[in-house]
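Asks:
In our numbering, the protein residues as written are 10 to 81.
1. Could you compute how far the alpha carbon of residue 11 sits from the alpha carbon of residue 62?
2. Is the Cβ of residue 37 closer than 7 Å to any Cβ of chain C?
3. Can you say whether residue 13 is buried or exposed, counting buried as having 16 or more other CB atoms within 10 angstroms of its CB?
4. With a CB to CB cut of under 6 Å and the five nearest residues on each side skipped, what residues in its chain are close to residue 73?
5. Taking the beta carbon of residue 59 as the centre, do at least 16 other beta carbons fall within 10 Å, making it buried, or is it exposed?
In C-alpha cells form, the structure reads like this:
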C-alpha cells in the first residue's frame, strides 16, 4: 500500500514574511531590531525571531507585520 503525500500550499503569512531575511535590520514599534530567523509557532503560525539591544523574542507574523515601521 503506497502512501501519497498531499502537497500543502504555503500559508499567506509565510509568503508575506519571505521579504524579511536573517540579518536584516528593521524598526518594530519604534525600536531597531535584527531579524535572527523565520520560524513557526506551535500553533502553526509563521513567526520571526527579533534581536534588539537588550532583548530577543519570537513574534507571530500578524503582530510582526502590523507593528513594522521600516526596513533597512
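For glycine and all other residues, C-beta sits at the position ideal for the given N, C-alpha and C.
Replies: Looking at the coordinates:
1. 52 Å
2. Structure shown: chain C not included; a single protein chain is present.
3. exposed
4. 57
5. buried
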